[in-house]
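In our numbering, the protein residues as written are 1331 to 1602. Just so it is clear, CB atoms sit at the ideal spot from N, CA and C, and this is done for glycine as well.
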Amino acid sequence: MASIERPRPPAGVHTPGRAAIPARHLRTDCWWLAPTVTVVVLTAFVVYSTWRAFANADYYAAPYVSPFYSPCLASDCVPMRGGADLAVFGPWWGISPAIIVLIFPLGFRLTCYYYRKAYYRGFWSAPPACAVAEPHARYTGETRLPLVLQNVHRYFFYFALAFAVILSYDAALGFRDPAGHWGHMGLGTLVLLANIALIWAYTLSCHSCRHIVGGRLKHFSRHPVRYRMWTWVSRLNAHHMALAWASLVGVAVADFYVYLVASGAFADPRFF
């Protein structure tokens, strides 16, 4: 006797007790545009950064160094005049030194609160947008592996601060000529300065930074310095989304500019 297949009970947003709305959503705007742009931009950045990281070439054109390769921790790095080539990893490290470096800034961005919202919506549809039902039957949030590891974001923040200091040093070195003499500036100097300015703005606008500066305080009046710093960070935090995208584009542009100069495809204009 053939078994009768019973219909599956409703799941997700269609479970009993939820609003009985037959339509998937009631939005009439282009709600799908933002997650689509997120997928396109993040995919393009991943493809580009992967190519540049494994290329292991054309990342230094005195006095400019690509942010993907600084600090250069492998002993086989191209010699950088006064740069952050620390040679921590010996000859046994056989692949691109950028692989060592990119773990930390990418880890900081991957666990960033804003980026999490962006790629959860874009790649996983969890949910696709506000007031749009997600297609998944279950939702566990960030309480289980692997998403519970997102809580390491606050620790990646400290690494991000260290890398921002190093990239600031690299930007300062841009005020030299290829021979190492100070008091010069080229277009690459402005590119690196713009890049580090966006990186600092994005890093300091981070929610973890805001919590470190003003979190766990019961009385702001007793901590006027921390309160003033908290208000500054809060103003930046209001623009965290825009700074996240601007700094992502900025670091890719800075790397591509150094690549063009180092490969000989473009001559760096010198202003003085």
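Is residue 1539 helix, strand or coil when you go by DSSP? helix
With a cut-off of 8 Å, do at least 3 Cβ pairs link the region 1514-1531 to the region 1400-1418? no
Taking contact to mean 3 or more Cβ pairs, one atom from each stretch, closer than 8 Å, check whether the region 1535-1551 and the region 1396-1410 are in contact. no
Among the residues of its own chain, which have a CB less than 6 Å from the CB of residue 1437, if the five just before and after it don't count? 1486
Put residue 1394 into one of helix, strand or coil per three-state DSSP. strand
Specify, as a first and last residue, the run of the alpha helix (DSSP H) that residue 1486 falls within. 1483-1503 is the span of the alpha helix (DSSP H), which, as asked, contains residue 1486.
Rounded to whole angstroms, how far is the Cβ of residue 1582 from the Cβ of residue 1378, which I believe are closer than 8 Å? 6 Å
Would residue 1383 and residue 1428 qualify as a contact pair, given that the criterion is a beta-carbon distance under 9 Å? yes
Quick one: using the 10 Å Cβ neighbour count with 16 as the cut-off for buried, is residue 1551 buried or exposed? exposed
Buried or exposed, going by whether 16 or more other CB atoms sit within 10 Å of the CB of residue 1563? Looking at its Cβ environment, which holds 16 or more other Cβ atoms inside 10 Å, residue 1563 is buried.
Distance between residue 1360 and residue 1476 (C-alpha atoms, nearest Å): 31 Å
Sequence ranges, alpha helix (DSSP H) only - wholly within the region 1374-1455, length at least 4: 1428-1440, 1443-1454
Is residue 1459 helix, strand or coil when you go by DSSP? strand
Please classify residue 1565: does DSSP put it in a helix, a strand, or coil? helix
Leaving out five residues on either side along the sequence, give the residues of the same chain with a beta carbon under 7 Å from the beta carbon of residue 1522. 1394, 1500, 1501, 1504, 1584
Considering only heavy atoms of the ligand SAM, does any lie closer than 8 Å to the CB of residue 1534? Ligands displayed in this structure: none; no statement on the ligand SAM is therefore possible.
Please name the residue, chosen from 1355, 1376, 1435, that lies closest to residue 1399 on a Cα-to-Cα basis. 1435
Does the Cβ of residue 1591 have 16 or more other Cβ atoms within 10 Å, making it buried, or fewer, making it exposed? buried
Residue 1443 and residue 1537 look like a contact to me (Cβ under 8 Å); what is the Cβ gap, rounded to whole Å? 5 Å
Report back the beta-carbon spacing between residue 1593 and residue 1388 to the nearest angstrom; my notes put them in contact at under 8 Å. 4 Å
When you compare the region 1455-1475 with the region 1554-1573, are there three or more beta-carbon pairs, one atom per stretch, that lie closer than 8 Å? no
Is DSSP giving residue 1556 helix, strand or coil here? DSSP, reduced to helix, strand and coil, places residue 1556 within a helical segment of the structure shown.
Considering only C-alpha positions, which residue in the set 1478, 1601, 1506, 1364 is nearest to residue 1455? Considering only alpha carbons, the answer is 1364.
Tell me, to the nearest whole angstrom, how far the beta carbon of residue 1532 is from that of residue 1574; I am working on the premise that it is less than 8 Å. 6 Å
Out of curiosity, what's the CA-to-CA distance linking residue 1368 and residue 1511? Inter-residue distance for residue 1368 and residue 1511 is about 43 Å (C-alpha atoms, whole angstroms).
Residue 1358 to residue 1463 span [Cα, whole Å]: 14 Å
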